[in-house]
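Enquirer: Numbering of the sequence shown is given in numbering that gives the first Met the number 0, commencing with residue 0 and proceeding in unit increments.
One structure, as structure tokens, below. Some questions next.
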Amino acid sequence: MLSKDGADFTKVLRRYDIETQVSLTPEQMAEKLLPTDEVFRKVAEEVLYMRFKTVGPVVMEALKQRDPLAVINNGLVAGMECVAKLYAEHVYYLPEIMMAAKAMEIGIAIAEKQVPGGRESKGTIIMHAAEGDPHDIGKNIAAVMVRSSGYDVIDMGRDVAVKDFIAKVEEVKPLFASGTALMTTTMSAFPTEAKILQEKGIDMPLMGCGGAVNREFANSYDLGIYSEKAPQTPLIAEKIRQGYTWKQVRDEWDEIVKGQ
Ligand code: B12
Numbered sequence: 000m001l002s003k004d005g006a007d008f009t010k011v012l013r014r015y016d017i018e019t020q021v022s023l024t025p026e027q028m029a030e031k032l033l034p035t036d037e038v039f040r041k042v043a044e045e046v047l048y049m050r051f052k053t054v055g056p057v058v059m060e061a062l063k064q065r066d067p068l069a070v071i072n073n074g075l076v077a078g079m080e081c082v083a084k085l086y087a088e089h090v091y092y093l094p095e096i097m098m099a100a101k102a103m104e105i106g107i108a109i110a111e112k113q114v115p116g117g118r119e120s121k122g123t124i125i126m127h128a129a130e131g132d133p134h135d136i137g138k139n140i141a142a143v144m145v146r147s148s149g150y151d152v153i154d155m156g157r158d159v160a161v162k163d164f165i166a167k168v169e170e171v172k173p174l175f176a177s178g179t180a181l182m183t184t185t186m187s188a189f190p191t192e193a194k195i196l197q198e199k200g201i202d203m204p205l206m207g208c209g210g211a212v213n214r215e216f217a218n219s220y221d222l223g224i225y226s227e228k229a230p231q232t233p234l235i236a237e238k239i240r241q242g243y244t245w246k247q248v249r250d251e252w253d254e255i256v257k258g259q
């Protein structure tokens, strides 16, 4: 009769592909990339090791000692950045990315509740992932950051049809809108949307974001402005609140986001 007692599963489950083909294991990558602060590191590890069952209590413990936005940025998002590097190195694959993102989202939902609220809204921003694009992890992170800077976010989700986006903009008349595209096949939604908005006489900036979009692309059609990282967005939003047009944001972009 076979018995599991005494079996060393670390030997049975060794990832020989990782050991032979890649330069760093997840543990070595963690050593290199995760925050040195012990509290943030513990949170980041929950994401890195996809512990969606224990991430909640660990985040709650961290919130007793650190600011909620810092727990999100320096803990949860830092863990996800490490996951993205492991994916690029072919150590992690899509299932790991999905589970890590789930852990991150559970953590963000808990920390977000403690971000100081009850403030007056600085304005409304519509966010969406382009038609045909299912990638919404980055948009969801950006939405949390933008909300925590005092803006109301209407998050339309992913794979948002161009016509639905236009209808929402007409209904809400936001300060500006953002679109996320991670696929080269979906990013063309933004020039299409911008053209329709202009034809309707709406001159609102349309921020192009996500891995498939770069500054050159976002600046290649009227209304388009760029934001690479969430912390740049409140700085740009503040200028739009002051009355900057999309052309002015484009012209002064480096000055506006400097240091972020
Ligand atoms: C996770 C993932 C998926 C998940 C998405 C789950 C989800 N809910 O998002 C699933 C499994 C569904 C998926 C599916 C597909 N995927 Co995919 N996927 C990825 C992967 C591995 C990670 C993306 C990610 O979440 N990164 C982490 C987040 C945090 O980063 P991010 O989105 O870039 O966001 C950051 C910034 O862009 C920015 N940002 C984003 N939005 C916003 C908004 C604002 C306002 C601001 C300021 C900033 C901002 O801030 C974020 C934080 O820094 C990438 C590979 C990669 N390395 O990017 C491929 C990738 C995007 N996928 C790809 C492809 C091809 C597909 C599929 C077509 C695969 C297939 N053949 O079936 C399908 C899509 C099918 C369909 N049409 O439905 C390609 C796209 C290639 C291309 N250039 O077109 C990539 C690049 C993989 C590759 N190298 O080939 N995918």
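Where is the CB? At the ideal position from N, CA and C, for every residue including glycine.
Once you ignore the five residues that flank M79 on each side, which residues in its own chain have a CB closer than 8 Å to its CB?
Expert: Same-chain partners within the cutoff: V46, A99, A100, M103, I136, I140.
Enquirer: What separation, rounded to the nearest whole angstrom, lies between the Cα atoms of E192 and M97?
Expert: Straight-line Cα distance between these residues: approximately 29 Å.
Enquirer: With a 10 Å radius around its C-beta and 16 neighbouring C-beta atoms as the bar for buried, classify H89 as buried or exposed.
Expert: Per the 10 Å Cβ criterion, exposed.
Enquirer: Give the DSSP bridge partners of I125, in chain order.
Expert: DSSP, once it has assigned bridges, lists I153, A176 as partnering I125.
Enquirer: Going by DSSP in three states, T224 sits in which element: helix, strand or coil?
Expert: According to the sequence provided, residue 224 is Ile. The question's Thr does not apply to it. I224: strand per DSSP, three-state reduction.
Enquirer: Does the beta-carbon of P133 have 16 or more other beta-carbons within 10 angstroms, so that it is buried, or is it exposed?
Expert: The residue in question, P133, is exposed, as its Cβ has fewer than 16 Cβ neighbours within 10 Å.
Enquirer: Candidates M144, T184, M49, G5: which alpha carbon is nearest A236's?
Expert: Minimum Cα distance to A236 is reached at M144.
Enquirer: Would you mind sorting G117 into buried or exposed? The rule is 16 or more other CB atoms within 10 Å of its CB.
Expert: Annotation note: pLDDT 46 at G117 (below 50); position unreliable, no value reported.
Enquirer: At the level of alpha carbons, what is the spacing between D253 and T184?
Expert: Spanning the two alpha carbons is a distance of roughly 28 Å.
Enquirer: Three-state secondary structure (DSSP) at G117?
Expert: Since pLDDT at G117 reaches only 46, below the 50 mark, its modelled position is unreliable, and the value read off the structure follows with that caveat. Three-state result, G117: coil.
Enquirer: Do I224 and V256 have their CB atoms nearer than 7 Å?
Expert: No, Cβ-Cβ distance for I224 and V256 is not below 7 Å.
Enquirer: Can you give me the start and stop residues for the beta strand (DSSP E) that G207 sits inside?
Expert: Note, G207: beta strand (DSSP E), 205-208.
Enquirer: With DSSP collapsed to three states, give me the class of Y86.
Expert: Looking at Y86 - three-state DSSP - the assignment turns out to be helix.
Enquirer: Do you know whose CA, among P115, P25, L33, lies nearest L85's CA?
Expert: Selected option, being the one with the closest Cα: P25.
Enquirer: So, with DSSP's three-state summary, where would you put M49?
Expert: Here M49 sits in coil by DSSP.
Enquirer: Rounded to whole angstroms, what's the CA-CA distance from C81 to E198? Just pull it up for me.
Expert: Roughly 43 Å separates the two Cα atoms.
Enquirer: To the nearest angstrom, how far is the alpha carbon of A43 from that of V76?
Expert: Roughly 7 Å separates the two Cα atoms.
Enquirer: Rounded to whole angstroms, what's the CA-CA distance from L62 to Q231? Just pull it up for me.
Expert: For L62 and Q231, the distance between alpha carbons rounds to 25 Å.
Enquirer: Return yes when at least one heavy atom of the ligand ATP lies under 6 Å from the C-beta of Y225, else no.
Expert: Annotation note on the ligand ATP: not contained in the displayed structure, which lists the ligand B12 as its ligands.
Enquirer: Sorted by chain position, which residues of the same chain lie with C-beta nearer than 6 Å to C208's C-beta, five sequence neighbours on each side aside?
Expert: Cβ neighbours of C208 beyond the five flanking positions: S177, T179, S226.
Enquirer: Could you give the distance in angstroms between the alpha-carbon of V212 and the alpha-carbon of G131?
Expert: Answer to the nearest angstrom: the Cα atoms are 15 Å apart.
Enquirer: Does the beta-carbon of S148 have 16 or more other beta-carbons within 10 angstroms, so that it is buried, or is it exposed?
Expert: With 16 or more other Cβ atoms within 10 Å, it is buried.
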